[in-house]
Amino acid sequence: MGVSPVVDGGRFPARATVGETVPVGANAFREGHDAMGVQVVLTAPDGSEHSRSPLTSTNPGLDLWAGSVRPDAEGPWTFSIEAFSAPYDTWVHNAEIKVPAGIDTDLMLTEGVHVLTRVVEEAEAGARPAADATLARAAIDSLRNHALSPESRLAPAIAADLREVLHQRPLRDGVTVSGPHALVVQRPRALYGSWYEFFPRSEGARFDAQHGGWISGTLRTAAGALDRIAAMGFDVAYLTPIHPIGTTFRKGRNNTLEVHPGDPGSPYAIGSADGGHDAIHPDLGTLEDFDAFVGRARELGLEVALDIALQCSPDHPWVAEHPEWFSVRADGTIAYAENPPKKYQDIYPLSFDADYEGLYAAIRDVLEHWVEHGVTLFRVDNPHTKPVRFWEELLAEFAEKHPEVIFLAEAFTRPTMMHTLGKVGFHQSYTYYTWRHTPEELREYLEELVESSPYMRPSFWPTTHDILTPFMSGGGRRAFTLRAILAATLVPTWGVYSGYELVEDVPRPGAEEQIDNEKYEFRPRDWAGALREGRSLEPLLTRLNTIRRDHPALQQLTDIAFHTADDDQLLVFSKHLAADATGTGAPDTVIVASLTAHDRGSWGTVHLDLGALGVSGEFEVEDLLTGERFTWGEHPYVGLDPDSRPAHILRIIHPEETHHA
């Protein structure tokens, strides 16, 4: 009962990534008072048993059992939960009570011989290691040795080494099985990564004073930006749409209908006489230029993500070729996009009602085209406005043909729809992080995300090209610093929109977005000058990405634990990964203590759950932002300032470490 991770009773598969520590749980019980055990059996895609490990009773009164598995390859895995009577544990429980009390002493010791003889027989049959039998025989000899006291005869049979052997490989009676349950394992980038979004036309754009107009940047000039993006430690270079832009109802600055010569229009108004979703805007270059861009990205260790907006400008070839793919209003005109009070007269949404199969095939072919040219990730614009059936079928097809391709859902919408998009196959989702600010809000939201982690993986963005919250526009550099630190450490995937480094925070009146939105104009930036003058957050972003790469605990979602502080505006959390999961031979533990308000500091005591940190007593920590070292205990005193020290990001220096991060 209550097996997890199981999504909607098995309607959808649970998902994990290669090397991820996947929590497993079950509600298991039996009649009577005898001991029982529970194991999780993980089966690889080829049908072989990959691992068999015990679950631990976390709340005996509620019969809850928990453990974890770690798949090590991509593909369709399964897991099963096996519950059973545990005769060795039952005997140990009774013997530890009766033998010291002198109750049925000889009977209890004889029963122990019978129980441990089963261990020997299983080893002789090849069902368990010979070393198990060696321990069991020694215990049997002791149980039969009447020259010893009853307690001495019993001791080897209940010693820690034999207990551990029979915890890992228990004797089992009356086995019952739940499963197999599906677990689709995907590549690590589906869970962990750092994204950098930019408009390629702005990189290298320049104003030609002689002709009084702008000259667009190109994919070649945009490729020059990749070195800086890679140097900051980002994994993904995410391009907004690169396709031809329509001229009908083209938007001017800040989404107005007042268009001036040279206004480039919104790249989300896709399509013109130069082509549609499978074409490149002539100002940006050619398909060969795109291939060169992807090639340079790969040289730098970057993957390329492309924005897919399933909508058309009035000039898109599909409008004339397939009018049935659009909705028509009562006056006979095609319905344009609206998000009241916003109107997007330059965009026609697609309708799947009249020709589902034809539209499906066209969109599939567009995606296939870009995959063939090296795109490995797609950021999908407003997927919640398309049929769920469409996404379930399309993503299943791509999972079969191109399992390396990752889809990020940009769906700032109702929770049920966001969760459903995850269930039908989206690898990642934008979240409500942008609007969660207090420690209480963040803790509650992270706990919700952990609960939904078998099917919805979060991506945290402090701002986007469409979103600038009052917190960000009112807090300046302090706000941008704080929200970057939290986004980068709370979840495995995060991203920033180009210009974040420069603290671009001026809002458009009446809207939660920047003034002079880059969607409607060119915005070249002086990166080198800002860095030289100390105005850039590049050093912070670089440091955060370095910390994330160095610490596998920050590359997981479900290993998070929250701690308390005397100041209720201080957020304190940790991420802990056991030694067997880090690949380094030592555990990895990171503690974050961060301000959440940009207009005040915090000084007070923090209260840590040492069990969640894998330590006891006092321990040494290193601040990964400053290099300072401290001795902490269960109740350290913390002082933070929004300018000089907005947060601690601390690694615990475990005694068993073999190297320093």
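Per UniProt numbering, the sequence shown runs over residues 1 to 661. Virtual Cβ for every residue (Gly too), placed ideally from N, Cα, C. As the structure is a prediction and not an experimental result, all values here were calculated from the model.
Under the rule that 16 or more other beta-carbon atoms within 10 Å means buried, what is residue i, buried or exposed?
i: Lys575; result: buried
i: Met1; result: exposed
i: Asp89; result: buried
i: Thr658; result: Unreliable placement is indicated for Thr658, whose pLDDT of 44 sits below 50; no coordinate value is reported for it.
i: Pro349; result: buried
i: Phe326; result: buried
i: Leu107; result: exposed
i: Glu513; result: buried
i: Asp365; result: exposed
i: Asp516; result: exposed
i: His660; result: No answer about His660 holds up, because its pLDDT of 44 lies below 50 and its placement is not dependable.
i: Gln168; result: exposed
i: Phe79; result: buried
i: Phe29; result: exposed
i: Tyr637; result: exposed
i: Ala411; result: buried
Using a threshold of 8 Å, state whether the C-beta atoms of residue i and residue j are closer than that.
i: Glu501; j: Glu538; result: yes
i: Ile215; j: Ala205; result: yes
i: Tyr430; j: Ala409; result: yes
i: residue 663; j: Ile242; result: Residue numbering for the chain in the displayed model covers 1 to 661; residue 663 lies beyond these limits and cannot be assessed.
i: Trp65; j: Ala26; result: yes
i: Pro492; j: Leu570; result: no
i: Tyr196; j: Phe234; result: yes
i: Leu421; j: Trp461; result: no
i: Asp646; j: Gly614; result: It is worth fixing the name first, because residue 646 is Pro in this sequence and not Asp. Not a contact, by the Cβ cut-off of 8 Å.
i: Leu395; j: Val304; result: no
i: Pro297; j: Ala237; result: Residue identity check: residue 297 is Ala in the sequence provided, not Pro. It is a contact, given that the beta carbons lie within the stated cut-off.
i: Val113; j: Ile140; result: yes
i: Val621; j: Leu650; result: yes
i: residue 669; j: Val40; result: Outside the shown range of the chain (1 to 661) lies residue 669, about which nothing can therefore be said.
i: Asp315; j: Ala273; result: yes
i: Thr21; j: Ser68; result: yes
i: Pro552; j: Glu74; result: no
i: Leu162; j: Val115; result: no
i: Ser313; j: Thr248; result: yes
i: Gly604; j: Ala565; result: yes
Which residue wins for smallest C-alpha separation from residue i, given the options the options?
i: His654; options: Leu640, Gly639, Pro646 and Thr631; result: Thr631
i: Ser4; options: Ser51, Gln210, His181 and Val503; result: His181
i: Gly425; options: Phe29, Asp34, Leu107 and Gln186; result: Gln186
i: residue 717; options: Leu468, Arg477, Thr469 and Gln428; result: The structure shown does not extend to residue 717, since the chain is modelled only from 1 through 661, so no value can be given for it.
i: Ala612; options: Ile560, Gln39, Gly217 and Val177; result: Ile560
i: Thr286; options: Thr218, Pro264, Ser194 and Tyr520; result: Thr218
i: residue 671; options: Tyr455, Thr481, Glu451 and Glu447; result: No statement about residue 671 is possible, as the shown extent of the chain runs from 1 to 661 and does not include it.
i: Arg443; options: Phe562, Arg483 and Val405; result: Phe562
i: Arg201; options: Ala223, His211 and Pro188; result: Ala223
i: Arg220; options: Ala230, Val294 and Gly265; result: Val294
i: Phe12; options: Tyr455, Ile467, Gly252 and Asn59; result: Tyr455
i: Val550; options: Pro439, Lys342, Leu625 and Arg629; result: Rather than Val, the amino acid found at residue 550 in this sequence is Asp. That would be Leu625, whose Cα lies nearest to the Cα of Asp550.
i: Ser53; options: Leu166, Glu121 and Thr438; result: Leu166
i: Ala35; options: Asp291, Glu74, Ala86 and Asp46; result: Ala86
i: His384; options: Glu321, Leu310, Gly358 and Val328; result: Leu310
i: His648; options: Val572, Thr582, Gly37 and Pro282; result: Val572
In the DSSP assignment, what are the bridge partners of residue i?
i: Trp603; result: Gly639
i: Trp65; result: Ala26 and Ser57
i: Asn254; result: Per DSSP, none; premise fails for Asn254.
i: Glu82; result: Gln39 and Val177
i: Phe390; result: The partner list for Phe390 (beta bridge, DSSP) is empty, contrary to what the question assumes.
i: Ala647; result: Ser594
i: Arg629; result: Glu622
i: Val184; result: Arg15 and Pro76
i: residue 680; result: What the structure shows of the chain is the stretch from 1 to 661, and residue 680 is not part of that stretch, so it cannot be assessed.
i: Gln168; result: Looking at the DSSP assignment, Gln168 forms no beta bridge with any residue, so it has no partner.
i: Val496; result: Tyr196
i: Gly213; result: Asp208
i: Thr564; result: His607
i: Pro507; result: Gln514
Using a Cβ-based criterion (distance less than 7 Å to any ligand heavy atom), does residue i qualify as near the ligand HEM?
i: Thr90; result: Only the bare structure without any ligand can be found here, which leaves the ligand HEM out of the picture.
Please check if any C-beta of chain D sits within less than 8 Å of the C-beta of residue i.
i: Glu258; result: Absence of chain D from the displayed structure is noted, only one protein chain being present.
Is it a yes or a no for the region 497 to 513 touching the region 468 to 483, going by three-plus beta-carbon pairs under 8 Å? yes
Any 3 or more C-beta pairs closer than 8 Å across the region 169 to 176 and the region 246 to 265: no
When the Cβ atoms of the region 480 to 496 are set against those of the region 518 to 525, are three or more pairs found closer than 8 Å? no
Below 8 Å, can you find three or more Cβ-Cβ pairs linking the region 142 to 150 to the region 8 to 27? no
The region 331 to 338 touching the region 359 to 372, judged by at least three CB pairs closer than 8 Å: no
Check whether the region 148 to 168 touches the region 98 to 111, taking contact to mean three or more Cβ pairs, one atom from each stretch, closer than 8 Å. yes
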